[in-house]
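Note that the sequence shown covers residues -15 to 458 in our numbering.
All C-beta atoms in this analysis are idealised placements derived from N, C-alpha and C, irrespective of residue type, glycine included.
Written below as structure tokens is the structure these notes are about.
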Amino acid sequence: MSVRLRSTACLLGAVLAAALLPAFPAHADELREREYWLEDYGITEAWETTQGEGVRVAVIDSGVDGSHPDLDGVVVGGTDVSGAGQLDGQLGIGEVSEHGTLVASLLAGRGHLPDPPPSPSPSADDDESSGDQSPSPEPVETTGPDTYGRGSDGIVGVAPQADLLAVSVWIEGPTKGPNPAGISIDQQIPDAVRWAVDNGAQVINMSLGSTSPTWPESWDDAFLYAEENDVVIVAAAGNRAGGSMQVGAPATMPGVLAVAGLDRDGEASRESSSEGISIGVAAPAENLVGALPGGVYADWSGSSGAAPLVAGTAALIRSQYPDLSAAQVVNRILLTARDAGDDGGERDTIYGYGILDVAAAVNADIAVPEENLLGSMAEFIQIYRRGEPAPPPEPAEPTTEPTPVDIPEPAVPVAEEVTGTSGGLPAAIVLGFGSLILVVLTGGTVAVLRARRAALDSANGESEAKSQGIASDD
């Protein structure tokens, strides 16, 4: 049964505007056909090499519904760091509770088998027969590229064989308000990162961001911990439509792979992206489709969707090249990106190193530098937080060894000098993160497309009522 719903959800500075969409053709691969990025960005080609098996990715977000048909068996662990969610991180919480499920489906959705055709009604002749009944038809998996994952229906992510960890955080907004458990986002973010690292995440996706390029000092050690434990962190750059004209933290943090958004034509998105010197790569952020809790699907947009496409790419690389460091995984994505922008092959503030090319990131035969091209958290802390001078350069001497690759300085704003003896940030920044400058989910427009409630279908429309209840939580 297809259900068209109306749902509205608010973000700080951005409204997830509901829209009643016309029904689309009801055939098994209707959703798969909408995933244009699978072919256009080399994902199906990369799948001939790897689908992300053996890699664990943490999704730090509003919670991930692991019972969705496309995520069944994908979420292998989780937690809640807000104090307001479910212990396994699978309950949607906060201002946009469905956001994490959308993100997870683009990263590691596995799709599902098409519904079997209905059994023919028995005829009178059948009643007079021997009484033997034909078995109910079983779902039949088709063959071909559309069946990567479990089947040709539903959403398949970039890394359909990767495992997910669901880490729920409470994102404050005008509808749901502050975290009822009282734990600030300044504490939730580092707690989430540390938990992900301690529980085996090799990649972390953060489709959330601040409206400020700076971040609380309390985040430093957690992101350094991830760096020291060889974990790739991918973060969304933010959306102009949501009031983010410039990239905000954590996408401004050294070593973090910040992802900008592209429109359907592969150009920089006017609404679903932002601008900044920390942008690493650009990926699709408009005309997206994803999974919502309870079997619902949605059209949506935002750099929130671009980030998991890149995080999924990192999972593919980690699966294919297990000996590469996190820094080298990031560098592979950057150095294989397709050139874009007006800087003649140089990194710019709109596209970063260029447009994501998943096939090249997985298959290209290239050498990658060992140090992260996006900087180092350890170096940032040494220079800007602790004020320790860098060691003096050694006198230059002739050498026959290859010249080391020059790694650019971390593309992040210089932190303001800490004053006083408390060890905290200046009051203006603390207030900014705590109240006025809040972490927001970087999703854009969401419009519900359909709900699959086959098991609940009934003549009185009970299925539709339950689907509407889920879709209108926010």
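N-terminal and C-terminal residue of the alpha helix (DSSP H) that residue i is part of
i	result
P234	First-last for P234: undefined, no H or E at that position.
H83	83 to 92
I317	310 to 319
D204	204 to 212
A146	Looking at the DSSP string, A146 is not in any alpha helix (DSSP H), and its letter there is neither H nor E.
D24	21 to 24
A30	27 to 31
Own chain residues within Cβ distance below 6 Å of residue i, not counting five before or after
i	result
G336	I263, G264, V265
M237	F207
V60	D147
G30	With the sequence shown as reference, residue 30 is identified as Ala, and Gly is not the correct amino acid for it. If we look at A30 and ignore the five residues flanking it on each side, its Cβ neighbours are L300, V342, A343, V346.
L358	G239, G264
G38	S303
The beta strand (DSSP E) enclosing residue i, as first and last residue numbers
i	result
I139	137 to 140
P268	263 to 268
A324	Neither: A324 is in no beta strand (DSSP E) and is coded neither H nor E.
A165	Per DSSP, A165 belongs to no beta strand (DSSP E) and is neither H nor E.
I217	216 to 220
L272	272 to 276
D45	40 to 45
V187	187 to 190
Assumed close pair residue i, residue j - CB separation to whole angstroms, cut-off 8 Å
i	j	result
L340	A311	Not a contact, Cβ separation roughly 18 Å.
N163	A68	6 Å
A176	V216	Not really, about 15 Å apart at Cβ, beyond 8 Å.
A252	A235	Contact flag wrong, Cβ pair sits at about 16 Å.
G274	L22	Not quite, the Cβ-Cβ distance comes to about 13 Å (not below 8 Å), so this is no contact.
G138	L293	Not quite, the Cβ-Cβ distance comes to about 17 Å (not below 8 Å), so this is no contact.
N465	G239	Since the displayed the chain opens at -15 and closes at 458, residue 465 lies outside it and no answer follows.
G73	T63	5 Å
Residue i in three-state terms, based on DSSP
i	result
G230	The sequence shown places Gln at residue 230, not Gly. Looking at Q230 - three-state DSSP - the assignment turns out to be strand.
I173	helix
W284	strand
I365	helix
T63	strand
D182	helix
A242	strand
I339	strand
A295	helix
S406	For S406, the predicted structure reports a pLDDT of 30, less than 50, and the residue's modelled location is therefore unreliable. A value from the coordinates is still provided. Three-state DSSP puts S406 in coil, outside helix and strand.
N356	coil
L71	coil
E17	helix
N347	helix
E251	coil
R370	coil
L300	helix
R224	helix
E79	coil
E201	helix
G289	helix
E37	coil
S256	coil
D332	strand
G50	coil
Neighbourhood of residue i by C-beta, 7 Å cutoff - its chain only, sequence neighbours within 5 removed
i	result
S256	N223, A225, G245, A269, E270, S285, G286, S287, G428
I365	D204, L208
A298	V187, V216, V218, V313, I317
R331	Y337
Q230	P197, S258, E259, G260
I167	S66, G67
N213	V181
T33	Q304, V346, N347
Close-in-space but distant-in-sequence residues of the same chain around residue i (CB under 8 Å, 5 per side omitted)
i	result
A180	A42, I44, L149, V151, I188, A210, V215
Y20	R248, P268, N271
C-beta contact flag for residue i and residue j at 7 Å
i	j	result
G232	S196	yes
V142	G278	no
S66	W199	no
H83	R134	no
S303	S258	no
V243	A290	yes
V48	G93	no
R40	Q145	no
D326	G338	no
S81	S51	no
G76	K160	no
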